[in-house]
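Have a look at the structure below before the remarks.
There are 2 protein chains.
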Amino acid sequence: MAVLSILTPVLAAVLCLVIGFMLMRSQQTETTSTTQGKTERASKGDFRPWVDEDLQDDTEVTEKEDEDGDWVDSNEEEDCQHVPYSPPRYPEETMVEKSRDFYTLMNQRRSVRFISPEPVPREVIDNVILTAGTAPSGAHTEPWTFIVVSDPETKHKIRQIVEEEEEVNYRQRMGDKWVNDLARLKTNWIKEYLDIAPYLLLIFKQTYGILPNGKKKTHYYNEISVSISCGILLAALQNVGLVTVTSTPLNCGPQLRLLFRRPVNEKLLMLLPVGYPASEATVPDLARKPLDDIVVYI
Amino acid sequence: MAVLSILTPVLAAVLCLVIGFMLMRSQQTETTSTTQGKTERASKGDFRPWVDEDLQDDTEVTEKEDEDGDWVDSNEEEDCQHVPYSPPRYPEETMVEKSRDFYTLMNQRRSVRFISPEPVPREVIDNVILTAGTAPSGAHTEPWTFIVVSDPETKHKIRQIVEEEEEVNYRQRMGDKWVNDLARLKTNWIKEYLDIAPYLLLIFKQTYGILPNGKKKTHYYNEISVSISCGILLAALQNVGLVTVTSTPLNCGPQLRLLFRRPVNEKLLMLLPVGYPASEATVPDLARKPLDDIVVYI
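If you read the sequences in order, they're chains A and B. Heads up: the first sequence is residues 0 to 297, going by numbering that gives the first Met the number 0. Heads up: the second sequence is residues 0 to 297, going by numbering that gives the first Met the number 0.
What follows is the structure in structure tokens.
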């Protein structure tokens, strides 16, 4: 008992330390609360035996990180009148032929970084963007903004921002793994095509909208929607014989958003230089996976 | 001192409880460590003045949540020989005409949930998927798997899984906001088309690959890549007169992955019922945004 008495202040001190440590910890936890909060909710929500760590998909509602909400499949089913829908129907042989032709066309598409400075009719770009705008989107929010830059000075500013950031990425931010992968990919941060291409397309996703009453309106699955729209845009470019290279300039989003004075709900998803291929254009001699490697019939 | 002596066992007990609580907490933290670790790394990385909360984009390297890495723009620039690239070039008037025609075609696309049970030639589906496989992808990883289901029993299983989960979503998981939005969208969880459509396409994204040495290979920007591929797939379907409705079945990913025995690196991104439109098909009488609302020329 006497020993215990002597130990009491020590115990009290230890208790204080432990409590202090806990408080620090819980503060730390708070700084990461957004992410962790979601994960905790996730684990609370996951009451089903089949949802374990390995099984969790991004389709888990509880796991969606960046979106404010989720995409219902009723992406265009607004509260409005329904009208009959009867698109053209082709005979089977025509369908097969058309599907083969479209595959042949799209299979010729390549990412090209040697772009000709020749001008491209503005009307073509208009139609390409209109086509991209036909993409489905979560709850028909159409959460995309296309910035088309042909002004040489602005193109050069974009190039400066992109190259500066890319250089920083390569040199400082990335781990060995990143740098090794890049070495293999023979990429560097010089992006001449950003000056040369007649058009630079910057595609922003609108992460939320603003209602007339000033409140935020959730844009379900905005990133997937805008990426689908980009897929259709690539098809439209290929259809007219124009080329591009799909790029997501790391870390440049905020600076480019400021350059174009876009609102805070808009975030850069993609930057596409667009034009004719240069006469000396080359592409890496790559193959695509054969059908059997990408499809399973059941 | 006597009082303290009496309190000693109490203090010891409190200390035990506190330590026990801490251990529990740190275990909890460990289960969320993947997410939290990333966020911590993120805050350490953000040393630039222009990166504040408002300005942070998803293009921020440090903010990528789900990806193991990031998409370089050199998506097809592998360490291999370069070959000349000279796709067909059209006169300007032809380009304008082609761009207009493709826009007209794609502008007729609608999300359709009234699908005819009539069979569709398998060769058409093959070509549509081959076309989707021409999409660009981060570092040319081609991170997509297309499961095509025509077996009625499997289709019915999919429907059961989707409807069960959707009902749970509607009833239990979502907040008022979600339910209100859905009410406006007039959606419910009955998905008859999952039984009726001749084909169900399940599109999985491969979040990482496995190298010959068994190590994981990062799939940069897999979700964006697969979404772009889906955009091209939608264009290919529209081109042959087939319809679908873009859906991301909430929470069904894990169950559907198990149903098809897909590996753990594959996560469901989209589920598309595919077929001819039913003769009585209707679509909501929606408008698309005009060009001026989606484009800014500079």
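Ideal Cβ positions, reconstructed from N, Cα and C, are used throughout, including at glycine.
query                                                                                                                        : result
Within 8 Å, strictly: CB atoms of A/Ala134 and A/Ile227                                                                      : yes
Three-state class that DSSP yields for A/Leu290 in the structure shown                                                       : helix
Touching by the beta-carbon criterion (3+ pairs, under 8 Å), the region 257–277 of chain B and the region 263–274 of chain A : no
Distance, B/Asn212 Cα to B/Thr93 Cα                                                                                          : 51 Å
Span of the alpha helix (DSSP H), counted from its first residue to its last, around A/His155                                : Pro151 to Val167
Cα-Cα separation, A/Asp284 to A/Lys204                                                                                       : 33 Å
Neighbour-count burial assignment, A/Thr103, 16 or more Cβ in a 10 Å radius                                                  : exposed
Proximity to B/Asp292 [Cα-Cα], best of A/Pro276, A/Ala280, A/Leu268 and A/Phe145                                             : A/Phe145
Inter-residue Cα distance where the pair is B/Pro276 and B/Pro120                                                            : 15 Å
B/Asp194 at chain A interface by Cβ criterion, 8 Å                                                                           : no
Nonlocal neighbours in the same chain, by C-beta distance under 7 Å from B/Pro272, ignoring five residues either side        : Ile114, Tyr192, Leu193, Ala196, Leu199, Thr243 and Val244
Residue interval of the alpha helix (DSSP H) (run including B/Gly252)                                                        : Gly252 to Leu258
Close Cβ partners of B/Val239 (< 6 Å) along its chain, the five nearest in sequence each way excluded                        : Val123
Within-8 Å CB hit, A/Tyr207 to chain B                                                                                       : no
Span separating the alpha-carbon of B/Val147 from that of B/Asp125                                                           : 10 Å
Distance between beta carbons of A/Asp150 and B/Ile209, contact taken as under 8 Å                                           : That pair is no contact at about 46 Å.
Neighbour flag for B/Arg99 against chain A, beta carbons, 8 Å                                                                : yes
Cross-strand partners of B/Ile297 (DSSP beta bridge)                                                                         : The partner list for B/Ile297 (beta bridge, DSSP) is empty, contrary to what the question assumes.
beta-carbon B/Arg121 near the ligand MG non-hydrogen atom, thresh 7 Å                                                        : Although the ligand MG was asked about, the structure shown includes no ligands whatsoever.
Under 9 Å from the C-beta of B/Ile146: neighbouring residues of chain A                                                      : Val294, Val295, Tyr296 and Ile297
Cβ neighbour criterion (16 or more within 10 Å) applied to A/Cys79                                                           : exposed
Partner residues on chain A for B/Arg88, Cβ-Cβ distance less than 7 Å                                                        : Gly240 and Tyr275
Residue of B/Tyr220, B/Ile202 and B/Glu91 minimising C-alpha distance to B/His139                                            : B/Tyr220
Partner residues on chain A for B/Trp188, Cβ-Cβ distance less than 8 Å                                                       : Those do not exist, as B/Trp188 stays about 10 Å from chain A at its closest Cβ, beyond 8 Å.
Contacts that A/His81 makes with chain B (C-beta to C-beta distance below 8 Å)                                               : Thr281, Val282, Pro283 and Asp284
Chain A residues whose Cβ lies nearer than 8 Å to that of B/Asn300                                                           : Absent from the model: residue 300 of chain B. The displayed extent of chain B is 0 to 297, so no value can be given.
Within-8 Å CB hit, A/Asp291 to chain B                                                                                       : no
Nearest neighbour of B/Arg108, chosen from B/Leu236, B/Leu290, B/Trp188 and B/Gly274 [CA to CA]                              : B/Leu236
Reduced DSSP secondary structure (H/G/I, E/B, other) of A/Gly132                                                             : coil
Contact list for A/Leu129 against chain B, beta-carbon separation under 8 Å                                                  : Tyr102, Asn106 and Leu290
Neighbour list for B/Leu341 in chain A, Cβ cutoff strictly below 8 Å                                                         : Since the first residue of chain B shown is 0 and the last is 297, residue 341 of chain B is not available in this structure.
Below-8 Å beta-carbon distance, B/Pro120 vs any chain A residue                                                              : yes
8 Å Cβ cut-off: residues of chain A touching B/Ile114                                                                        : The contacting residues do not exist; B/Ile114 stays about 11 Å from chain A at best.
Test item: CB-CB of A/Thr281 and B/Val82 under 8 Å                                                                           : yes
Boundaries of the alpha helix (DSSP H) in which A/Trp195 is found, first to last residue                                     : A small fix is needed here, since residue 195 of chain A is Ile in this sequence, not Trp. Tyr192 to Ile195 is the extent of the alpha helix (DSSP H) around A/Ile195.
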